[in-house]
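What follows is a single structure, written as structure tokens, with notes after it.
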Amino acid sequence: MELTTSGAIDRARALARRGRRVLLGITGEPGAGKSTLGAELSSALGADAAVVPMDGFHLAQSRLEELGRVDRKGAPDTFDAWGFVSLVRRLADAAEPVTYAPAYRRELHNGVTGAIPVERSTPLVIIEGNYLLLEEEPWCLVHGLMDEIWYVDVDEDLRMRRLAARHERFGKSHEAAIAWAAGSDESNAVLIRATCDRADAIVRV
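The letter at position 14 of the sequence shown is residue 14 when you use full-length UniProt numbering, and the numbering goes up by one with no holes.
Written out as structure tokens, the structure reads:
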């Protein structure tokens, strides 16, 4: 299935009307526009949707330094993957009056716990992240908990420009931003790109 942005909004509305908690995953390469699409869906659906980003499960910057992984932050092993799976399971169960999710603060280079409330009455939870379709454990456990996972596809040049601009906004020099986008980010993008055939839909943005 292929969707435009407007088609994605229509599909999300239909998912929210199923009469139960529905989990919708949005994945794609760094800079593809996952967060933008999630925000557009949330704006269109209002109280019927909540957005939970996987980025809140980044390991603490201090822990990445201890592990020697700062130079490839964003790779699968720089996240609390089991913690993420646990939250997705709680969101699928919808047993708690409010389930709190962490958010990532780029200016702090760290996650902030309890930042995103998801009410039990919210029918559609949109979970946004890079590795929702990976086959390695524990990421592979996520797929079975979600109703649909969409892959965001975008022009490659635009994606790279967005990515470099994001890094510059948060303190990297122009040269360092381009190097990070072409290095660490691109290594992750190759891994993510290989998962697109497992998506339930491709969203062209």
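Every residue gets a Cβ at the ideal spot worked out from N, C-alpha and C, and that includes glycine.
Being a predicted model, the structure only gives us computed values, none of them experimental.
| said: What does DSSP give as the partner residue(s) for histidine 58 in the beta ladder? | reply: The residue labelled residue 58 in the question sits at position 58 within the sequence shown. DSSP lists Phe79 as partners of histidine 58.
| Separation of arginine 193 from leucine 59, as counted between CA atoms | In the sequence shown, residue 59 corresponds to position 59, counting from 1. In the sequence shown, residue 193 corresponds to position 193, counting from 1. Spanning the two alpha carbons is a distance of roughly 23 Å.
| query | With a Cβ-Cβ cutoff of 8 Å, do leucine 23 and valine 125 count as a contact? | reply | Residue numbering aside, residue 23 sits at position 23 when the sequence shown is read from its first letter. Residue numbering aside, residue 125 sits at position 125 when the sequence shown is read from its first letter. Yes, the Cβ-Cβ distance between leucine 23 and valine 125 is below 8 Å.
| query | Around the C-beta of proline 97, are 16 or more other C-beta atoms found within 10 angstroms, so that it is buried, or is it exposed? | reply | Mapped onto the sequence shown, residue 97 falls at position 97. By the 16-neighbour rule on beta-carbons within 10 angstroms, proline 97 is exposed.
| query | In the DSSP assignment, what residue or residues form a beta bridge with asparagine 188? | reply | The residue labelled residue 188 in the question sits at position 188 within the sequence shown. Per DSSP, none; premise fails for asparagine 188.
| query | Measuring CA to CA, which of Gly111, Leu3, Phe57, Leu37 is closest to alanine 49? | reply | Within the sequence shown, numbered from 1, the residue matching residue 49 stands at position 49. Nearest option by C-alpha distance: Leu37.
| task | Quick one: grab the DSSP three-state call for threonine 5. | result | As a position in the sequence shown, residue 5 is number 5, starting the count at 1. Judged by DSSP in its simplified three-state form, threonine 5 adopts helix.
| query | Quick one: complete alpha helix (DSSP H) runs, 4+ long, within the stretch 115 to 144? | reply | The qualifying runs are 140 to 143.
| message | Which same chain residues end up closer than 8 Å to valine 70 when comparing Cβ atoms and leaving out the 5 residues on each side of it in sequence? | response | For the purposes of this step, residue 70 is taken as residue 70 along the sequence shown, with counting starting at 1. Counting only Cβ-Cβ distances below 8 Å, and skipping sequence neighbours, we find Gln61, Leu64.
| Backbone CA spacing between serine 43 and arginine 11 [nearest angstrom] | Taking the sequence shown and counting its residues from 1, one reaches residue 43 at position 43. Taking the sequence shown and counting its residues from 1, one reaches residue 11 at position 11. Their Cα atoms are separated by approximately 14 Å.
| query | Rounded to a whole number of angstroms, what is the C-alpha to C-alpha distance between proline 138 and alanine 201? | reply | As a first step, residue 138 must be located in the sequence shown, where it is residue number 138. As a first step, residue 201 must be located in the sequence shown, where it is residue number 201. Near 22 Å, if we compare the C-alpha coordinates of alanine 201 and proline 138.
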